[in-house]
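To start, the structure under review is shown below, and the notes come after it.
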Amino acid sequence: MKNLVLVSLVILLVYLQGRLWFGDNSVAEIRSLQSRISQLEAQNNVQQQVNDQLRAQVRAMKDQTEQDALIEQARERLGLIAPGETLYLFVDEQQ
Numbered sequence: 002m003k004n005l006v007l008v009s010l011v012i013l014l015v016y017l018q019g020r021l022w023f024g025d026n027s028v029a030e031i032r033s034l035q036s037r038i039s040q041l042e043a044q045n046n047v048q049q050q051v052n053d054q055l056r057a058q059v060r061a062m063k064d065q066t067e068q069d070a071l072i073e074q075a076r077e078r079l080g081l082i083a084p085g086e087t088l089y090l091f092v093d094e095q096q
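Right, dumping it as structure tokens:
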């Protein structure tokens, strides 16, 4: 009877250890998920910085006294020039 209880407890212990190390919600899976969370938090921080920069640009464009920001965006994104200016376009011949 004692041997049966001991064998049962050993089997139970082996089963529980197997689930702990290899089953669902195992230690390895939890570590992997924690690593993924860290990566996603880093990506979120980068995106937050980009969003902050974009919000600052939007605020600058909405401000009527800040005409320079609007002109700068028109020049950079649309390639516009002011009357009387000359556009110089440099072409890389290697491409």
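Per the working numbering: the sequence shown = residues 2 to 96. Even glycine gets a Cβ: it sits at the ideal position worked out from N, Cα and C.
Assign residue i to one of three DSSP states: helix, strand, or coil.
{"i": "Val47", "result": "helix"}
{"i": "Met2", "result": "coil"}
{"i": "Gly19", "result": "helix"}
{"i": "Glu94", "result": "coil"}
{"i": "Asn26", "result": "coil"}
{"i": "Leu88", "result": "coil"}
To the nearest angstrom, how far is it from the Cα of residue i to the Cα of residue j?
{"i": "Leu41", "j": "Arg60", "result": "28 Å"}
{"i": "Gly80", "j": "Gln68", "result": "17 Å"}
{"i": "Trp22", "j": "Leu10", "result": "18 Å"}
{"i": "Gln95", "j": "Leu88", "result": "22 Å"}
{"i": "Asp93", "j": "Gln74", "result": "24 Å"}
{"i": "Arg78", "j": "Ala57", "result": "17 Å"}
{"i": "Ser36", "j": "Val6", "result": "41 Å"}
Out of the options, state which residue places its alpha-carbon closest to the alpha-carbon of residue i.
{"i": "Pro84", "options": "Ser39, Arg32, Ile72", "result": "Ile72"}
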